[in-house]
Every structure is written in C-alpha cells, then in structure tokens.
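In my numbering, the protein residues as written are 1028 to 1517. To start, the structure itself, in structure tokens.
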Ligand code: NAP
Ligand code: MG
C-alpha cells in the first residue's frame, strides 16, 4: 500500500524538462511613442505629459504614451458627440457590418495582439492567445448580431441609444475589457471615449489602428491614454451620458459618489472574493484542475478568481495533497514562452500589495505553502501560494488579493458552505464541485453571486451575462442584458 502510494506521488510530481518555446516578436511593431486616438485619427495631444509603459516580466520600456488632460478629454468627448448624430441614425445593419469587420480584423491580427498583450501586461502567451483575443473577437461578433435586431430583443418599446459613453477599464484583461465595453455600446448606437489602464495601454492603441483599418466612421471610438486623473475627467465630463467602469471597489465608490444627481447612467464591475466550494462527492482530480484554473489563471489578477477554497472536511487531506502536488508542476517564467503557466505580476505596486497581504496572512497565523519555484531576477514575480489554517476573520480571507494566492477553509454541511461562501462584502462569482445535479441547483439558488460555475471555473462566453452583487458592483456585461445599460427603453 505504502509503495503504491509512493509511486503514485512520484508519478504525479514528475517534472518534465521543457525546451524554451518563445513566441516570436518579429512580427510586432511597437511605436516609440503614441498620440491619442480622437475623431478617427491619431492626433497630437494638448497635454505635454507622457509616461512609459513597461514589460513587467523584464522591466524594459516598451513605449511612451500621453497622459491626456482636460483639453484632450473635452476634444474626445466633442468628437464622440458629433459622431453620435450620424452613428445613431445609420441603418442598424450597417452598424452591424462595422462590428463584424472589427471582429474579423481582431481574428486576422490575433497573433500580433496576443504578443503585445503579453508583453505589456505580463500574462502568459497561451492565455492571451487562447482566451483574451478569441473572446474579444467573439464579443464583437456576438454584438454585431444584435445591432439590427434590437427591436426584436426588446419588443413593444422603441430602443434608442443614449449618447456618448465614457468607459474606464483595468489592466488584467486589457483588450477583453475593451471589447466588453465597446461592442455593446456601438451595437446599440452609442459612441465612446475609452481610457485603458496606465500599465497596459498598448492593445487599446492597436485597437485604434483596427478602427481605422475597419474604416469605422470618425469619432465613433476615441481612445485616451492616461492615469486615474484622466479617467476621472472622462467620467465627469458633462456631455458623457453613460459611464461604464471596471476596476477596484474603492474607485467604483468614488465614481458613484461623484455621479450622484447628474442623471448619468452608471454600471460598475468591481472586485471579488469568490468561494470555490468542493463537496466530498466531487471528482477530485477535476476539482484540482478547476481550483488551479480558478486562482492561478492570469496570476490571480482576475476579479472573479476563486480565491477562497471551501473544502468539505472529510476530503480536506486528499484534496490538499493533490493540490500541492499540482502546484509543484506549474511553470512560472517568461510570459512569451508557450509552456508558461504563470507569468509576471502586472506592476511593482501590485506585487507589493500581494506581498503585504501574504505577510499579514502569516502574521495572523495561517500556514503558508509555496512549491519550490525559481523566480527570474528581473521583473515582478510571485510564486503560486496557498494558505491553510485560515480563519474567516483573517485579511487573506476577506480582502481581494488579486494575485496567485489561495486561502483554504473547510466546512461540514451544505448550510455551512453557503454561510461561509456568502460571508463577504463581494458577490461576483462562485464555484460548486459535486457529483449531484440537485446539489448544484440548491447551492446556485443560495449563492449571492452574479455567476455560479458548476464543476468548472472561469468560463466566459459573450452570450452569458456577467456582473456582481453587493460591493462587486451592478449592471451586467455580456448577453442581452449587456445591451440594457446602453439603451433607452421608454
Ligand atoms: P483601479 O485602480 O480601480 O483602476 C481601474 C481603472 O480606473 C484604471 O484605468 C485606472 O487608471 C482608472 N482610475 C483610477 N482612479 C480613477 C478615478 N478616480 N476616476 C476614474 N478612473 C480612475 O483598479 P485596478 O487596480 O486597475 O484593477 C484591479 C481591480 O479591478 C480589482 O479590484 C478587480 O477586482 C477589479 N476588476 C473587476 C472586474 C469586473 O468585471 N468586475 C474586471 C477586472 C478587474 P490607472 O490605470 O491609471 O490607475
Ligand atoms: Mg505595461
């Protein structure tokens, strides 16, 4: 028995040597400096301020972008307002055609976009190649389909666009968040001014090029780079009629406060602290893959990450053993290498935040586990980490870490699982692992979370609405629901 167990573990922990398999960057052209995309072309900014965007895996500067100021924001909003007059009136099937065209170009330029996304943000190329870019194209494709069917989608009312949408997005899925924002806005006949995150502006600037290639009418999409200040100028501009924000709960609350009484429409997609719940009858090997995908995908820089693992007490030991073995096989390193599972942390500030929260976990008494893992010398890195012995009151169980850090807790009964899972100010997602369909439905009814995955995790599809409860925000993106914030229905 002991021998059989040992050989099983030896087999599972076997490490294979992989030859480096770096994706080529020859086909990618990153300009030394970028201007702003306003009124259908790249224009010189009024602002004299510029800042670098770097590759977080080696700290090398990739390019310099503008920090757009008040005058730039005003120009972009005016261009969008002007474009709205004609864009909102052209035949819906013509709008659809532009969106289909953008979707096709995203597919054609997928390799270039994936490489740039990985260089600018640090995520593994296999994720940008297989998840971010295909899903971005799929979002445009999906909403292109709705553009000329709005009256069937919302019968007996005359759906009308709202006007200029001001959109601000984070750095964890730069192009995908752009697609979630721009595709439904345009399909509904609105025009947009979008600000990408400070650390990941490059794919949005490539998207500006794609708008030109698609011959999208001038001013329908405007892209302004900048920091938080630029974001706040975009959302507070009086001619912006609809604000869509994805980012931290802290900034979300700030925006909500600042928009109170303005009559602007607002949707917020904020943070999360999802529970991934494994019952004793779950297929453990599949659950381990789901747990790993849930928290180590994109270095845990995922708002709906399964950062709290709730394990039924009776299977705690075998599950943890399997999980620790699996962690040892994850490959961390060059994000451009096709074999890499865990890439770089997006920025120095984010690395410090993760390290600080991990330290608090140790101080509060949780038990830390990290597999043997060599970190590259340059760049920002954090090894896959898990904590056991976690109490619900610890910061690592309450606060969003936004890094590759899992907190493991246990439960005995389904009621206790529900109570612990919902014991959070957030409510973006949850995962349930069990053999019983009835239990999945029972749990799904009780989870205060926008998305509940069953026997899987981190699955996205443009047809499926995504969004939060409580401090995870409000409004939905994706699906038919994703059109509602961009339409006037009465
Ligand atoms: P963040 O600091 O809130 O930033 C998000 C965006 O807002 C960035 O473009 C940022 O610019 C900008 N910004 C900062 N201050 C602003 C202000 N006062 N007014 C307007 N815009 C402002 O969040 P982050 O650290 O980049 O992103 C991580 C957070 O986003 C996590 O909490 C995560 O859960 C959440 N998130 C949620 C979802 C979702 O769908 N629910 C998806 C992805 C991420 P700078 O880049 O220059 O700071
Ligand atoms: Mg960068």
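For glycine and all other residues, C-beta sits at the position ideal for the given N, C-alpha and C.
Thinking just about the alpha-carbon of each residue, which of the options is nearest to the one in residue i?
i, options, result
"residue 1458", "1480, 1449, 1447 and 1466", "1480"
"residue 1478", "1105, 1493 and 1158", "1493"
"residue 1297", "1273, 1513 and 1470", "1273"
"residue 1073", "1064, 1088, 1061 and 1095", "1095"
"residue 1147", "1173, 1052 and 1425", "1052"
"residue 1068", "1471, 1250, 1037 and 1076", "1250"
"residue 1168", "1382, 1497 and 1490", "1490"
"residue 1421", "1403, 1311 and 1388", "1388"
"residue 1409", "1438, 1391, 1370 and 1286", "1370"
"residue 1232", "1079, 1360 and 1092", "1092"
"residue 983", "1106, 1392, 1152 and 1357", "Residue coverage of the chain in this structure runs from 1028 to 1517, which leaves residue 983 outside it and unanswerable."
"residue 1482", "1225, 1310 and 1151", "1310"
"residue 1346", "1315, 1225 and 1376", "1315"
"residue 1097", "1252, 1407 and 1359", "1252"
"residue 1200", "1171, 1230 and 1344", "1230"
"residue 1062", "1075, 1353 and 1116", "1075"
"residue 1037", "1353, 1510, 1358 and 1407", "1353"
In or out: residue i buried (at least 16 other Cβ within 10 Å) or exposed?
i, result
"residue 1028", "With a pLDDT of 47 at residue 1028, under the threshold of 50, the predicted position of this residue should be treated as unreliable, and no value is reported."
"residue 1516", "exposed"
"residue 1160", "buried"
"residue 1113", "exposed"
"residue 1121", "exposed"
"residue 1099", "buried"
"residue 1198", "buried"
"residue 1498", "buried"
"residue 1136", "buried"
"residue 1228", "buried"
"residue 1034", "exposed"
"residue 1402", "exposed"
"residue 1381", "buried"
Please tell me whether residue i and residue j are closer than 8 Å, where the distance is taken between their beta carbons.
i, j, result
"residue 1427", "residue 1300", "yes"
"residue 1396", "residue 1351", "yes"
"residue 1423", "residue 1384", "yes"
"residue 1362", "residue 1145", "yes"
"residue 1469", "residue 1441", "yes"
"residue 1219", "residue 1212", "yes"
"residue 1504", "residue 1207", "yes"
"residue 1433", "residue 1336", "yes"
"residue 1519", "residue 1237", "It is not possible to answer for residue 1519, since the shown part of the chain is limited to 1028 through 1517."
"residue 1217", "residue 1244", "no"
"residue 1065", "residue 1103", "yes"
"residue 1429", "residue 1328", "yes"
"residue 1514", "residue 1182", "no"
"residue 1162", "residue 1215", "no"
"residue 1366", "residue 1083", "no"
"residue 1438", "residue 1320", "no"
"residue 1174", "residue 1123", "yes"
"residue 1303", "residue 1255", "no"
"residue 1196", "residue 1224", "yes"
So, for residue i: in the same chain, excluding its five sequence neighbours on each side, which residues have a beta-carbon less than 8 Å away from its beta-carbon?
i, result
"residue 1054", "1138, 1139 and 1142"
"residue 1419", "1425, 1436, 1447 and 1450"
"residue 1355", "1040, 1042, 1398 and 1399"
"residue 1285", "1259, 1262 and 1263"
"residue 1077", "1060, 1091, 1092, 1093 and 1094"
Please list, in chain order, all residues of the same chain as residue i whose beta carbon is under 7 Å from its beta carbon, the five residues on each side excluded.
i, result
"residue 1306", "1339, 1460, 1461 and 1466"
"residue 1279", "1272, 1295, 1297 and 1500"
"residue 1047", "1364"
"residue 1394", "1414, 1415 and 1416"
"residue 1275", "1297 and 1298"
"residue 1360", "1367 and 1403"
"residue 1463", "1308"
With a threshold of 6 Å on Cβ separation, who are the neighbours of residue i within its own chain once the five nearest residues in sequence on each side are excluded?
i, result
"residue 1128", "1241"
"residue 1473", "1445"
"residue 1269", "1189, 1192 and 1292"
"residue 1508", "1492"
"residue 1247", "1110, 1114 and 1218"
"residue 1471", "1479"
"residue 1044", "none"
Taking only beta-carbon atoms, is residue i less than 8 Å away from chain B?
i, result
"residue 1066", "No chain B appears in the structure shown, which is made up of a single protein chain."
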